[in-house]
Structures are given as structure tokens and as C-alpha cells.
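Right, here's the structure in full:
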């Protein structure tokens, strides 16, 4: 699963394991771990079920307006620019255990919006009480700055993000991103991304002898059938025949 992380995410892994690859590093977590994922980044999250079971987790998102309100109410100074890890493993504590258990009822169906808001605030207060260092991540409100587009795309093309998210993360409006992209790559973002991903896939399959089933999600394709069709169209043969 690839995604653009729009809001900070508080996640408790209930069963199974999770491997997260972000623009800032790779991380492995297991059942019982409680983690905090920074907003405004690209990520690949691989969920691994336990033997004879299924992967389960609970996630709470912290939106920016709520965090700004909380910081003002509690006189928490905004962070100029968070420079720490993009994914934090929070401490093991009975309070996190109890909180995760209390959320089970909220997964059964529709819940009162006010009550849901209180549970989100409770999670925030728990983090600030048990993992004070995480406040630097939570209260960094700055937006992405304009960055080297060519370098960014060649580094992060494997993430299956929408074009608008690539634009945002490189500090550009969508229109400016497309204009700058055309000047640098002489093609559209969509065409370039597919060609670049297929080129990388060809290399991984032929030179690194990786399995097709491993390659297509690694280079940013959502499903095997779409990948196989695009690969055959580009190279004249099925990826399994290389």
C-alpha cells in the first residue's frame, strides 16, 4: 500500500507485523507496537498477517486545525522545522494498551462526532504525557518548501502518489509543477512516472532476478495485471519471460 501521509497518524498494531518505507527511512514493527507517523511524506506500508490470522491495527489521525487549537489553548510554541525521524516508536506503556482497547467499540459502526473528537484529543494528551519528545513532530506546522524537482522525482518515483501530492511536496502548485516538469523532462508527469517505473522494473527483474510479484509494488504499480500489460506494451514481452 502506497500513500501520501496527509496528517500525523497514531497507529497501534494489534496483530501481525508492519514494514514501513518512507522518504526518510525504513522501519519494522510488530504486534503491540504503538507508532507515530509524520505528515507530509510519502510512504509504502506493507501489512504482514500472523500465521493463521489477519493483520489488525487501529489508527487515529491528528488534523492540523485541531493541533493548532490545542497548541494555542495550552500555549505550546510551534516548532520551526522538525528534523527527527519520520516514524517514531512510542514507549510501551499500560496507558497506550488501555487506550487501544477502548477504541474497539468505535470500530463497530457509526459513533458520535463529539465522542470521536474526545478520543483523538485523549490520544494526543497521552503522547504528550508519555513521549514528550514527540511534541516536536506534532507541532511542526510548516509546509513543504520549493525543492529541486529533478532530484526529488528521480529519488521518489517508486511511491505511487497522485500528481497533486508530488506537486505539493516539492513546494509547487499543480500548474507550476506541470510546467516545471515539462521543462525538465520534456513530457508529462504521468507518462514519465510510468516509463521510469517500467525501466526500474525491467532492471530489477532482469539484472537483480527479483520476482515479478515483488517488483510491481516496489516500483509503484497498484496491481499485477496493470503492471504486466504496461510492461509488455513497453518491452514487447511479459515480465515473467525475461
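In our numbering, the protein residues as written are -13 to 228. Beta carbons are placed, not taken as given, at the ideal position from N, Cα and C, and that holds for glycine. Nothing here was measured: the structure is a model prediction, and the numbers come from that model.
Short Cβ contact (8 angstroms threshold) for residue i with residue j
{"i": "residue 8", "j": "residue 28", "result": "yes"}
{"i": "residue 48", "j": "residue 106", "result": "yes"}
{"i": "residue 112", "j": "residue 82", "result": "yes"}
{"i": "residue 74", "j": "residue 22", "result": "yes"}
{"i": "residue 34", "j": "residue 15", "result": "no"}
{"i": "residue 4", "j": "residue 31", "result": "yes"}
{"i": "residue 127", "j": "residue 50", "result": "yes"}
{"i": "residue 132", "j": "residue 165", "result": "no"}
{"i": "residue 20", "j": "residue 104", "result": "no"}
{"i": "residue 156", "j": "residue 179", "result": "no"}
{"i": "residue 208", "j": "residue 144", "result": "no"}
{"i": "residue 174", "j": "residue 198", "result": "no"}
{"i": "residue 11", "j": "residue 59", "result": "no"}
Terminal residues of the beta strand (DSSP E) in which residue i lies
{"i": "residue -3", "result": "-6 to 1"}
{"i": "residue 32", "result": "27 to 34"}
{"i": "residue 11", "result": "11 to 16"}
{"i": "residue 21", "result": "20 to 23"}
The alpha helix (DSSP H) enclosing residue i, as first and last residue numbers
{"i": "residue 93", "result": "From DSSP, residue 93 is part of no alpha helix (DSSP H); its letter is neither H nor E."}
{"i": "residue 78", "result": "Careful: residue 78 lies outside any alpha helix (DSSP H) and carries neither H nor E."}
{"i": "residue 45", "result": "Premise fails: residue 45 lies in the beta strand (DSSP E), 42 to 48, not in any alpha helix (DSSP H)."}
{"i": "residue 163", "result": "160 to 171"}
{"i": "residue 227", "result": "Premise fails: residue 227 is in no alpha helix (DSSP H) and is neither H nor E."}
{"i": "residue 124", "result": "121 to 124"}
{"i": "residue 113", "result": "99 to 116"}
Exposure of residue i, with buried meaning 16 or more beta-carbon neighbours within 10 Å
{"i": "residue -13", "result": "With a pLDDT of only 49 at residue -13, under the threshold of 50, the placement of this residue in the model should not be trusted, and no figure is reported."}
{"i": "residue 152", "result": "buried"}
{"i": "residue 150", "result": "exposed"}
{"i": "residue 189", "result": "exposed"}
{"i": "residue 212", "result": "exposed"}
{"i": "residue 170", "result": "exposed"}
{"i": "residue 26", "result": "buried"}
{"i": "residue -6", "result": "buried"}
{"i": "residue 110", "result": "buried"}
{"i": "residue 130", "result": "exposed"}
{"i": "residue 99", "result": "exposed"}
{"i": "residue 24", "result": "buried"}
{"i": "residue 117", "result": "buried"}
{"i": "residue 222", "result": "exposed"}
{"i": "residue 86", "result": "buried"}
{"i": "residue 161", "result": "exposed"}
{"i": "residue 147", "result": "buried"}
- Task: Give a yes or no on contact between the stretch 215 to 224 and the stretch 179 to 189, applying the rule of three or more CB pairs nearer than 8 angstroms.
- Result: Yes, the stretch 215 to 224 is in contact with the stretch 179 to 189.
- Message: Assess contact between the stretch 60 to 70 and the stretch 122 to 132, defined as three or more Cβ pairs (one per stretch) separated by less than 8 angstroms. Is contact present?
- Response: A contact exists between the stretch 60 to 70 and the stretch 122 to 132.
- Message: Just to confirm the assignment: which complete alpha helix (DSSP H) runs, minimum length 4, are found wholly within the stretch 132 to 217?
- Response: Correct list: 135 to 142, 149 to 155, 160 to 171, 175 to 192, 198 to 204.
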